[in-house]
Structure formats: C-alpha cells, structure tokens
C-alpha cells in the first residue's frame, strides 16, 4: 500500500519547524511520501477558522505559548529561538519558493528548502523578508536561484489552491498532517501519525 502524508505548513510557524525534521524521519521509516503544501495561514485560514495572529492573542495565551515552545524544543532536541529577531515576517514568497522547488525539483528539494528557510528564521536570526537573504538560503539549499525565482509566477495558483484545499478540509492551524483522510493538528500529534502509518 502506498502511503502518502499531506503536509500543510508555513515557514512562519515555530511549531511547523519543531516537527519538520521528525516528520521526515517518521515518513522515511514507514516508506511514506510527503506532499508538502504551504498555505496562507494568517490572511486566509485564521479569519475563517477563528484563529488570531500572535500579536492579537491574549497576554495569557502568548505567555503560555513560550512555555510550551520551551518544553517542545527540549523534547525534540531542536534549537529554536523563542523570540527571533525577525518574527513575524511575511512568508508568502518563501511559501511560493517551496512550491517552485517542488515543481522544478520534487518533494525532497522542497522539504530541504522548507527546513532551511525555517532554520534561518528560528535559529539563525535571518530575515525572510529580505530578498538577498532568501536568495542566499536557496543557494545554500543546493538549488539554482534564478530559475526558482522565475518559477514564482507559476506558483501563485498552486499556493491559492493549497490554501483553499486546507480550508475545505477543515485546517485551522499549522502544521497539519493528513493520512488516509485522518487529520493530525500540530507537531505534538506526530506520534499519533506514526501509529497510523505503522497500522496501515
């Protein structure tokens, strides 16, 4: 049986970053293919699903978010700045570059680029709103920069389609994984996803 996990994500999410490497490990272990699907969470998913951008959340929720991030970065063994210098940053272009990498080079290249973009934001204090910085990250990911940027206009429809698909499938946050039509919200549900893959 072919196993495929749909991976709705955004590089602007620390939770997506925390689970990214573990997702790859789990899927490799169980011979599952990952379909990475960057989506527009802040502008399109949150308004429909009742979510709020971080600055608009109640102080209590913002404070507890930091507690949980600290717990999970220790448990996952992932270096992560709780308050990175360049957060929040617009991530529409990074999302489209991930899609472009997928279209031109396949899922493995897209997953690698996504991981490097998140590493840049959440560990290296690099600004994803700066084109020179993002171009450097693309190069560091082993991809040709100019062809990927030339592909961006071809990604707009896909980015919108992934976002609408997420809305239609009830996604309200990221990361969001779907296997055999069963949803798993959050990197803290990866162990349940692994059990589902084992049982398939």
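Residue numbers (our numbering): 5 to 204. We treat Cβ as the ideally placed atom computed from N, Cα and C, and that holds for glycine.
**OP:** State the Cα-Cα distance for the pair residue 17 and residue 37, rounded to the nearest angstrom.
**Re:** 22 angstroms
Original post:
From the DSSP output, which residues share a beta bridge with residue 144?
Top reply: Beta-bridge pairing by DSSP links residue 144 to no other residue.
Original post:
What number of angstroms, rounded off, separates the C-alpha of residue 126 from the C-alpha of residue 61?
Top reply: Cα to Cα, residue 126 sits roughly 20 angstroms from residue 61.
Original post:
Who does residue 36 pair with in a DSSP beta bridge?
Top reply: 7
Subject >> Cβ-based neighbour list, residue 196, same chain, cut-off 8 angstroms, excluding 5 preceding and 5 following >> reply: 188
**OP:** Counting only runs of 4+ residues fully inside the stretch 36-79, write out the alpha helix (DSSP H) ranges in chain order.
**Re:** 50-53
Subject >> Member of 190, 88, 167 whose CA lies at the smallest distance from the CA of residue 178 >> reply: Of the candidates 190, 88, 167, the one whose C-alpha sits nearest the C-alpha of residue 178 is 190.
**OP:** Find out if the Cβ-Cβ distance for the pair residue 153, residue 139 is shorter than 9 angstroms.
**Re:** In this structure, residue 153 places its C-beta atom within 9 angstroms of the C-beta atom of residue 139.
Original post:
Terminal residues of the continuous alpha helix (DSSP H) containing residue 169?
Top reply: 160-172
Original post:
Can the beta-carbon of residue 100 be found closer than 9 angstroms to that of residue 163?
Top reply: yes
Original post:
Would the stretch 47-66 and the stretch 110-126 be scored as touching if the rule is three or more Cβ pairs under 8 angstroms?
Top reply: no
**OP:** Kindly indicate the opening and closing residues of the alpha helix (DSSP H) around residue 182.
**Re:** Here residue 182 belongs to no alpha helix (DSSP H); instead the beta strand (DSSP E) covers 180-183.
Original post:
Less than 9 angstroms separating the beta-carbons of residue 10 and residue 39?
Top reply: yes
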